[in-house]
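Residue numbers (our numbering): -2 to 222.
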């Protein structure tokens, strides 16, 4: 029996992006074409300045391309206005950043709950979801701790729980292990791999470190490939 190919979750065609520095236009991405199947785990690799974070931001709807088509889950997000794009990001994208981006005055529970405050969920359902997400990342006993009471690896796991809380279409991670020691980095990568393998989450991760790509990653994309 022939296996059925996974449907594309991201389809990029002839995408280009430049930035302006004074009077100078600096091209970052030129004529990029890329397809990411649903349930894939892809690493975007390349040296600093190669455009990998720019590509991630375009896929996540944080920035817009100058030219080209960018479909995510069948929708061309380049055609969305700012308000619609913000709503789209809130429901379709879970972000994981290198420096965690946790609110220092909020507990782990409150940080994870933040995206849910923009939804119509009641307090009880929000609590159930947050407790489930923190248990999934192994921090059920740390939910009342503040970021400064957690290690770097624990803070990143809180960030992963926050990224998961709205059940997003995509999980995008920009250098998620860049500020971690090797042991913590391996734990975070193992968790991302579990989310991909066991929950079917599509994960797109930016890294410049080949050692940060976990074994079994579906594909590795390098600028120029």
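C-beta: ideal position from N, C-alpha, C; glycine also.
Practice task
Quick one: using the 10 Å Cβ neighbour count with 16 as the cut-off for buried, is residue 49 buried or exposed?
Solution key: buried
Exercise for the section: Tell whether a beta-carbon distance below 8 Å holds between residue 199 and residue 166. Expected result: A contact, by the Cβ cut-off of 8 Å.
Exercise for the section: Check whether the stretch 37 to 56 touches the stretch 124 to 135, taking contact to mean three or more Cβ pairs, one atom from each stretch, closer than 8 Å. Expected result: no
Practice task
Sort out for me which residues DSSP pairs residue 91 with in a bridge.
Solution key: Residue pairing by DSSP puts residue 91 in a beta bridge opposite 168.
Exercise for the section: Identify, in the order they occur along the chain, each residue of the same chain with its Cβ nearer than 8 Å to the Cβ of residue 5, setting aside the five sequence neighbours on each side. Expected result: 32, 33, 34, 35, 68
Problem - Sub-8 Å separation of residue 15 and residue 25 beta-carbons - result: yes
Practice task
With DSSP as the reference, please indicate the residues paired to residue 38 in a beta bridge.
Solution key: 200
Practice task
Would you check if the distance between the CB atom of residue 134 and the CB atom of residue 168 is smaller than 8 Å?
Solution key: Against a cut-off of 8 Å, the Cβ pair of residue 168 and residue 134 comes out as no contact.
Exercise for the section: Could you name the residues of the same chain whose beta carbon sits closer than 6 Å to that of residue 193, not counting the 5 residues immediately before and after it, in chain order? Expected result: 38, 200
Exercise for the section: Could you name the residues of the same chain whose beta carbon sits closer than 6 Å to that of residue 57, not counting the 5 residues immediately before and after it, in chain order? Expected result: 90, 169
Exercise for the section: Give a yes or no on whether the C-beta atoms belonging to residue 185 and residue 153 are separated by under 8 Å. Expected result: yes
Practice task
Indicate whether the contact test is met: 3 or more Cβ pairs, each with one atom in the stretch 138 to 152 and one in the stretch 93 to 111, closer than 8 Å.
Solution key: yes
Practice task
Determine the direct distance from the alpha carbon of residue 126 to that of residue 162, and round the result to whole angstroms.
Solution key: 7 Å
Exercise for the section: Alpha carbon to alpha carbon, how far is residue 28 from residue 73? Give it in angstroms, no decimals. Expected result: 17 Å
Problem - Test item: CB-CB of residue 40 and residue 204 under 8 Å - result: yes
Practice task
Let me know if residue 172 comes out buried or exposed under the rule of 16 or more other beta-carbons within 10 Å of its beta-carbon.
Solution key: With 16 or more Cβ atoms within 10 Å of its Cβ, residue 172 is classed as buried.
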